[in-house]
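Line by line, the protein sequences give chains A and B.
With our numbering as the guide, the letters of the first sequence map in order to residues 1 to 111.
With our numbering as the guide, the letters of the second sequence map in order to residues 1 to 116.
The structure appears right after this line, and notes come after that.
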Amino acid sequence: SQKIEQNSEALNIQEGKTATLTCNYTNYSPAYLQWYRQDPGRGPVFLLLIRENEKEKRKERLKVTFDTTLKQSLFHITASQPADSATYLCALREGGFKTIFGAGTRLFVKA
Amino acid sequence: GAVVSQHPSWVICKSGTSVKIECRSLDFQATTMFWYRQFPKQSLMLMATSNEGSKATYEQGVEKDKFLINHASLTLSTLTVTSAHPEDSSFYICSARRVGGENEQFFGPGTRLTVL
């Protein structure tokens with residue numbers, strides 16, 4: 001069956017360190033992979049999109065990698081800040097309209 | 001740019017009543033809008049995909065007669081929960097895909113529905 005797996009355990013890191021979140025998937029061939037941020041009681045906010053033919057993408061302190069052989073994406077936040085504390089969602093889109101979301105990983109950045 | 005609003009942000013209703021939730025793209029046109037529901041600490045579950053001017057496509061297990069979706073224009077989609085029951089209580093979130101965009105989805109702030 002198709003699965004998107006994100007670490008269900010919360011990630012706790014110290015301010016200033018790099019946070020690395022993992023998204024693994026099985027039985028998908030995504031055309032795009034996206035990362036979103038969600039705060040409690042709020043809708044997700046789009047962060048980055050990476051295509052299947054791209055290995056890496058950066059935006060300010062954010063970096064996403066996409067390995068279609070390993071079926072894995074890594075999401076990095078460098079120089080993390082307490083304001084980065086949130087749940088981060090990985091989402092896949094194959095052909096067509098549908099985008100499927102992982103359950104998310106909760107990140108806590110301590111001052 | 002790319003702002004999506006939802007109204008209301010929260011609603012409490014009695015069992016058996018119907019509730020309408022609006023989703024608007026404020027500064028862009030959206031040919032496709034999506035409706036999700038999310039339970040606490042769980043993933044967003046896609047309920048249906050709506051395209052402007054045509055019938056919505058519902059995901060397996062989602063009752064189309066219970067969750068009525070209307071996508072009347074390129075900036076407005078509505079979800080009506082008919083004859084709501086306590087098990088329908090959830091966080092409902094819409095999203096919109098921008099015409100000519102990079103395929104990212106822009107989400108509304110969500111609507112918290114509580115059915116008593």
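The C-beta atom is built at its ideal place from N, Cα and C for all residues, glycine as well.
Since the model is a prediction, treat every value here as computed from it, not as a measurement.
Proximity test, Cβ basis, 8 Å: residue i and chain A
i	result
G100 (chain B)	no
P8 (chain B)	no
T49 (chain B)	yes
I21 (chain B)	no
I93 (chain B)	yes
Neighbour list for residue i in chain A, Cβ cutoff strictly below 9 Å
i	result
P109 (chain B)	G41, R42 and G43
L76 (chain B)	Near L76 (chain B) there are no residues of chain A at all, since even the closest Cβ is about 17 Å away, more than 9 Å.
L46 (chain B)	K98, T99, I100 and F101
Pairwise C-alpha distance: residue j and residue i
i	j	result
F108 (chain A)	P44 (chain A)	17 Å
E59 (chain B)	K98 (chain A)	10 Å
V4 (chain B)	K20 (chain B)	17 Å
G104 (chain A)	Q38 (chain A)	9 Å
G108 (chain B)	L46 (chain B)	14 Å
Q81 (chain A)	K63 (chain A)	15 Å
N12 (chain A)	S18 (chain B)	42 Å
T69 (chain A)	F106 (chain B)	29 Å
N70 (chain B)	A48 (chain B)	11 Å
L76 (chain B)	L44 (chain B)	21 Å
G100 (chain B)	A30 (chain B)	9 Å
Y36 (chain B)	F46 (chain A)	15 Å
Y36 (chain A)	R42 (chain A)	12 Å
S95 (chain B)	T65 (chain A)	25 Å
I4 (chain A)	K57 (chain A)	20 Å
Closer than 7 Å at the beta carbon, the chain B residues around residue i
i	result
F46 (chain A)	E104, Q105 and F106
Neighbouring residues, chain A, relative to residue i (Cβ below 8 Å)
i	result
Q42 (chain B)	A103
Cβ of residue i within 8 Å of any chain B Cβ
i	result
T99 (chain A)	yes
Q34 (chain A)	yes
L165 (chain A)	Because chain A spans 1 through 111 in this model, residue 165 (chain A) falls outside it and cannot be assessed.
Selection from the options that minimises the alpha carbon distance to residue i
i	options	result
K14 (chain B)	B:D88, B:E104 and B:Y92	B:D88
F67 (chain B)	B:S73, B:G53 and B:T78	B:T78
V11 (chain B)	B:T80, B:D27 and B:A30	B:T80
K55 (chain A)	A:Q72, A:Q14, A:A79 and A:P40	A:Q72
A79 (chain A)	A:T18, A:Q6, A:Q2 and A:K3	A:T18
T32 (chain B)	B:C23, B:Q38, B:F39 and B:P40	B:C23
Own chain residues within Cβ distance below 7 Å of residue i, not counting five before or after
i	result
V115 (chain B)	C13, S15, A84, H85, P86, D88 and S89
E110 (chain B)	Just to set this straight, residue 110 (chain B) is Gly in the shown sequence, not Glu. Closer than 7 Å at the Cβ level, and outside the excluded window around G110 (chain B), lie Q6, F91, Y92 and I93.
Close beta carbons around residue i, own chain, < 6 Å, minus the five adjacent residues each side
i	result
K59 (chain A)	L48
R106 (chain A)	A10 and T87
Cutoff 8 Å; reference residue i; Cβ partners in own chain excluding five residues on either side
i	result
K110 (chain A)	N12, I13, Q14, E15 and P82
E94 (chain A)	Y28, S29, P30 and A31
T82 (chain B)	S18, D65, K66, F67 and L68
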